[in-house]
Amino acid sequence: MNRKTLFVSVAGLFVLVFVMLTLIYQNYQGSLQGRSANANQSVVERQGAPIKGPVDARVTIVEFFDPACGTCADFYPLLKKLIDQYPGKVRVMMRYAPLHSGSDQVVKMLEAAHLQGKFWPALELLFKNQPRWIVNHVSQPMRARGILNGLALDHKKLDTDMNQTSVTQAIQQDVKASQVLNVRATPEFFVNGRPMPSFGFEQLSELVKDAVADAY
Amino acid sequence: MTDNDPARAAGGGWSLVFMAWVLVTAATLGSLFFSEVMAVPVCVLCWYQRIAMYPLVVILAIGLFPYDKDVVRYAGVLAAIGWLLAIFQVLLVAGIIPEKIQPCVQGIPCSETHVSLLGFLNIPVLSFLTFTLTGILLLFAHRMKPS
């Protein structure tokens, strides 16, 4: 009898503590998010990062992405749809978060392509051909480079630009920002500095809808 | 103190198994808190350790009511497997085992740690300590078995 009481009370205590800590943590996170939503803007965006959509749009979706991330590729059509859905009002900024091993080399290629104004075609090509250059979730930079050969750009320049300091610095800045913003998985979106409440297509669409309503 | 007294020995065994249950339950809830509430990514090695840890919560509880001294055998194997995995990951984090042979390919390197208490208590170390303590408790419970 005594032992059963002891066991049940300890088990109950565990559940109680777990629920309480969860509530406290969520409450704390919530207050943190509200406070930093706009203060973050300078960290969230980087001048010179690849942008799709009108430059003067008042709503900016910032995506931290890894070209090897399948979910990032899945989100890509939705981003294009959102830009079209609110003409002139929404733009997308891409920032590098090379979490997969090997991706650090591949994002260099993307940034080098960006210098020639070919970021988006390069990204589309890589997204479309992901199975061809990612083996067991590990990026194969050589294969990715081979796929980019299909692009119409100065390939010699691309190869030298890849290791240029401005390229590595841009990527480093993105990686640092992703750490500050606690980006632990890709894709991570910020709409005018505001993160998704939870992960999903719907949540992103809603967030953009609210931001457009706020800004216009 | 007298191991010769079967009733007392069984009582001591019960307390030890109960303490082991408290330990693994706390560890289980803690790991769920990290991954589900704090959204810390879970690497493959961590999942393998969870596979060894989570069933202990149920197995040890069943062994407590009524007290079954053989629970030590069933639980001990799981604790040993978890302990081996934990020590492997601790060595990986410490850099003693090179990263090359780590089995993580999902973009979450097992050698990367996210939570650090008091400067050295990261999750793999916590897991290692939990499995070690659980193993010791179960071993003592086993020793108390009246012959």
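Chains G and U, in that order, are what the protein sequence lines are.
According to our numbering, the residues represented by the first sequence are 1 to 216, in order.
According to our numbering, the residues represented by the second sequence are 1001 to 1147, in order.
Glycine is no exception: its CB is placed at the ideal position from the N, C-alpha and C atoms.
Simplified DSSP state of residue i, which is helix, strand or coil
i                  : result
Asn136 of chain G  : coil
Phe7 of chain G    : helix
Glu1036 of chain U : helix
Thr186 of chain G  : coil
Asn1122 of chain U : strand
Val1105 of chain U : Here the model assigns Val1105 of chain U a pLDDT of 40, short of 50, so the residue's position is not dependable, and the following value carries that caveat. Val1105 of chain U: coil per DSSP, three-state reduction.
Leu1137 of chain U : helix
Val19 of chain G   : helix
Thr1002 of chain U : For Thr1002 of chain U, the predicted model reports a pLDDT of 43, less than 50, meaning its position is unreliable; a value from the coordinates is still stated below. DSSP places Thr1002 of chain U in coil when its eight states are reduced to three.
Residue-level contact to chain U via CB, residue i, 8 Å cutoff
i                 : result
Val10 of chain G  : yes
Phe7 of chain G   : yes
Tyr228 of chain G : What is shown of chain G runs 1 to 216, which leaves residue 228 of chain G out entirely.
Arg184 of chain G : yes
Leu126 of chain G : no
Thr22 of chain G  : yes
Contacts that residue i makes with chain U (C-beta to C-beta distance below 8 Å)
i               : result
Lys4 of chain G : Phe1065
Closer than 8 Å to chain G by CB, residue i
i                  : result
Ala1026 of chain U : yes
Leu1124 of chain U : Note on residue identity: the sequence assigns Pro, not Leu, to residue 1124 of chain U. No - not a single Cβ of chain G is within 8 Å of the one on Pro1124 of chain U.
Val973 of chain U  : Residue coverage of chain U in this structure runs from 1001 to 1147, which leaves residue 973 of chain U outside it and unanswerable.
Phe1033 of chain U : yes
Met1053 of chain U : no
Ala1039 of chain U : yes
Gln1106 of chain U : Model confidence at Gln1106 of chain U stands at a pLDDT of 44, short of 50, so the residue's coordinates are unreliable; what they give is reported in the following sentence. Answer yes: the Cβ-Cβ gap between Gln1106 of chain U and chain G drops below 8 Å somewhere.
Residue i: contacting residues in chain G (beta-carbon distance under 7 Å)
i                  : result
Leu1029 of chain U : Phe14 and Phe18
Under 9 Å from the C-beta of residue i: neighbouring residues of chain G
i                  : result
Trp1014 of chain U : Arg3
Residue i beta carbon near the ligand SAM (any heavy atom closer than 7 Å)
i                 : result
Glu206 of chain G : This structure lacks the ligand SAM, and indeed carries no ligand of any kind.
Margin query: So within the segment 115 to 177 of chain G, which uninterrupted alpha helix (DSSP H) runs reach at least 4 residues, ignoring any that extend past its ends?
Written below: 119 to 128, 130 to 133, 141 to 148 and 155 to 161
Check: For the 8 Å Cβ check, are there 3 or more pairs between the segment 64 to 76 of chain G and the segment 114 to 121 of chain G?
Finding: no
Checklist line | Whole beta strand (DSSP E) elements within the segment 40 to 100 of chain G, 3-residue minimum | finding: 59 to 65 and 90 to 96
Item checked: Secondary structure, alpha helix (DSSP H): runs of 4+ residues fully inside the segment 1022 to 1091 of chain U -> 1044 to 1064
Item checked: Touch test, the segment 146 to 158 of chain G against the segment 8 to 28 of chain G, Cβ-Cβ under 8 Å, three pairs minimum -> no
Next item on the list: Could you tell me whether the segment 1060 to 1071 of chain U touches the segment 1085 to 1095 of chain U, where touching means 3 or more Cβ pairs closer than 8 Å?
Entry: no
Margin query: Between the segment 90 to 107 of chain G and the segment 44 to 63 of chain G, can you find at least three pairs of beta-carbon atoms closer than 8 Å?
Written below: yes
Check: Taking three-plus beta-carbon pairs below 8 Å as touching, is the segment 1015 to 1022 of chain U in contact with the segment 1135 to 1146 of chain U?
Finding: yes
Item checked: Segment contact, 8 Å Cβ cut-off, at least three pairs: the segment 163 to 172 of chain G with the segment 105 to 113 of chain G -> yes
Notebook entry, point to check: Is the segment 129 to 149 of chain G in contact with the segment 82 to 89 of chain G, if contact means three or more CB pairs nearer than 8 Å?
Noted result: no
Next item on the list: Report yes or no: do three or more beta-carbon pairs, one from the segment 21 to 30 of chain G and one from the segment 1028 to 1042 of chain U, lie closer than 8 Å?
Entry: yes
Check: Is the segment 204 to 212 of chain G close to the segment 1121 to 1132 of chain U, with three or more CB pairs under 8 Å?
Finding: no
Next item on the list: Mind the definition here: the segment 135 to 149 of chain G touches the segment 179 to 198 of chain G only if three or more C-beta pairs lie below 8 Å; say whether that holds.
Entry: no
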